[in-house]
Each structure stands twice: as structure tokens, then as C-alpha cells.
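Beneath this line is the structure, given in C-alpha cells, with notes to follow.
Numbering (my numbering), first residue to last: 1 to 389.
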């Protein structure tokens, strides 16, 4: 998932201005709650630069100190508005104002002093470019239109009846999921890396809003249908962040779930209610207003107010409460350091369903960055889980 603020408190407060204080007039509270709800489900149009390169040489890059560059692991850096890309590794030195990291490669464009954008995916392009693995462009037909995808087959282009469908997070790109492809390929699985509605390279949904998995599951079902029509007899579903929420809805709603033999959830949204309350607290948004926003999302009468075609029932995304409904073996990866999706629901789900869930807990990795933090461990636990399917 692309880590951005779900909502900005100053603008939220401004939304209520003129109609009463945030906790005052009812009309002001409703307006502010509606704004909060819309921000959660509205795709981000802009991806601004968020780091600054201070200097570089043939083996290192120095960044101004900021939340992303100071975290251990390996990452990418978008250069020149996305036209260029570089990759960085270990932290070599740091102080209060800057951090110097090992330069691993300049993949395209040129590395220059100035603004840049952090790339937590590490990979920057399709599998044939980023991984050096043969890939195929495919088109997946869903109810919103044709969705682009990439297929990566096992070594030698072998046709396999084992397929994995990889689902990225909210506001992210398909490249987010490429970290899993080499492991799956080595294990003999065909990977289908698919877009879904409201992605930058996909059609909009009917309302142009994220539905927190409650409509996007149809696109994952379409990807599964593509896999089945091309020979799949067993399917793995892998979901990152909101992609995990989409996967869980797919298991609940799609008849094609009968093909699923395993599920991998990485930093997944297991309960959107917890995520909304977490971001409300981060922005000092009062709890009653956050609850009102959830109610507006789920109310048919307030659809136009929040801009959705169909109500979004946040309670239906609570898989801790719904844990007994789950039927598929799962590898759940989560981190105490996740600053976007709190780890609590993942811990609770693992506790509720130890018969289904293998739980792998990281300590300091930020959101969807467990692989960046410790790729050897991440790939090992995925390899072990896949081997049991």
C-alpha cells in the first residue's frame, strides 16, 4: 500500500467551519464526518516527492533525515518525477539531519541532488525489467472493463495448474507484489499480478471510490476466473494491506473460492474499523466523529453525501469477529512497527484461528515493508508455507 495520510486534520476541521464547531452543531459534525469518510475512499491523484537527496557518489546516497530514509532495509527511490529510479540498501551512517545509505543501482535516468520519492516496493517496473523474468501481458475482463495484468510462469515457461493471484494495496502499484514472484516461480506456481478498479492503469469503479474490498473482490474473482480458464486447478491468494481485505471478501463472496488452497496476508487490513479509529487518533479526530463516518459509509441514505454507489458496511470487514467463517489456511505477516495498519487485529485473528493461521511477527518494519526489512526471512516463511499447499 502507498503510505499516505488517510485524512488531514486541519482540512477536516475546515470542512466543518461555518456550520458549527466539530463537536458543536450537528450539521457541522455530519459535514466533517462525511469529509473523513470521503478521504478514506478517494484514490490519491498525486504522489508528491517526499525525500531529499543531499549528495551522492558512486557507492552511496545521502538523504535529509525523514521517516522513510532512516528505516533499515532495502528500498527504491523515484527520480525526476518518476522518470528515473535508483535502489539503496544498508544505512552507512546517520545523524540528526541526514542519513547515508549504500547505493545499489541506478536503474534508469540519472541520480541528482534534489527532491525524490521513496519507493517501498524496491522494484520499479514489470517483472521482465525488475526481476529479469519472462512475463506476459494479459487482459482480465471484470464488470468494470478490461484490467491489465502480468503473468510469470515457472522456469522454462512450463504450464502449471497451480496459480497465485497477487493483490496490491490501496493506492499502490502492481510492483508492490513482485517480491513474492521469484519464490512462487521456484516453487512451480504461475503468478498473476493483477490490477483492480481505480488503479492508475485500470478503469474506474462505478463511483470512482475505493470500497474497502466490498466491490474490488469482483476484480480478484475475475483474475481467478482468468486463471481457471487457463488451466488453474489450485489457487493461492496473496494480499498486501487493502489487498488483504479484498482477498478476504473474495473468499467470502466468490464461488471460485473453492479453488483456493492457501492465503497470504501481508500487513493486511483485517478490520477496517480499527484502521479508521487508528487514523482518527493520529489526526486527533474525535472518536464519535469517526464512528459517524463509518455509519455514513454504511447508510444507503447517505450514499451521495460520501460519494459511493452502494453502502460500505465496515462491520463486514471485521475478520476477527468473523473468524469462525474462515476456511482456508493462511500465512499472516504483520509488524509491531506498522504505522498504517495496527497489528492488533492480525494478532487477534491468529489467536482466534490457530488451526488455520501461521502468524509471523516482525518488530520494526513499517507498513508492507517486512520484506524490505528482512528479505531472507520473508522469503523463507513464504517458501515454507507454499510447500505445504
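Ideal Cβ positions, reconstructed from N, Cα and C, are used throughout, including at glycine. Keep in mind the model is a prediction, meaning the values are calculated, not measured.
Listed as beta-bridge partners of residue 324 by DSSP are no residues whatsoever. Taking 8 Å as the cut-off, the beta carbon of residue 320 is found closer than this to the beta carbon of residue 349. Contact annotation, residue 267 with residue 168: C-beta distance approximately 11 Å; criterion of less than 8 Å not satisfied. Under the three-state reduction of DSSP output, residue 219 falls in the helix class.
Buried is the label assigned to residue 256, since at least 16 other Cβ atoms lie within 10 Å of its Cβ. Every unbroken stretch of the alpha helix (DSSP H) spanning 4 or more residues and falling wholly within the segment 100-181 is given here in chain order: 127-130. With a 10 Å radius around the Cβ and a threshold of 16 neighbouring Cβ atoms, residue 176 comes out buried. Put simply, the backbone Cα of residue 217 is about 43 Å away from that of residue 54. Taken in chain order, the complete alpha helix (DSSP H) segments of 4 or more residues contained in the segment 196-277 are 217-229, 242-253. As the crow flies, the alpha-carbon of residue 58 is around 60 Å from that of residue 301. In its chain, beyond the 5 residues on either side, 109 have a beta carbon closer than 6 Å to the beta carbon of residue 83.
Runs of the beta strand (DSSP E) lying entirely within the segment 272-356 and spanning at least 3 residues, in chain order: 330-335. Taken atom to atom, the span from the alpha-carbon of residue 372 to that of residue 186 is near 20 Å. The alpha carbon of residue 179 has as its nearest neighbour, out of 389, 382, 388, the alpha carbon of 382. Residue 188 and residue 155 have their C-alpha atoms spaced approximately 8 Å apart.
When DSSP states are grouped into helix, strand and coil, residue 61 belongs to the strand group. Residue 53 is bridged by DSSP to 63, 114. Under the Cβ criterion (8 Å, minimum of three pairs), the segment 133-150 does not count as touching the segment 318-334.
Classified as exposed, residue 287 has fewer than 16 neighbouring CB atoms from the shown chains inside 10 Å of its CB. Taken through DSSP and simplified to helix, strand or coil, residue 89 comes out as strand. Contact fails between the segment 113-121 and the segment 199-209, because fewer than three Cβ pairs, one in each stretch, are under 8 Å apart.
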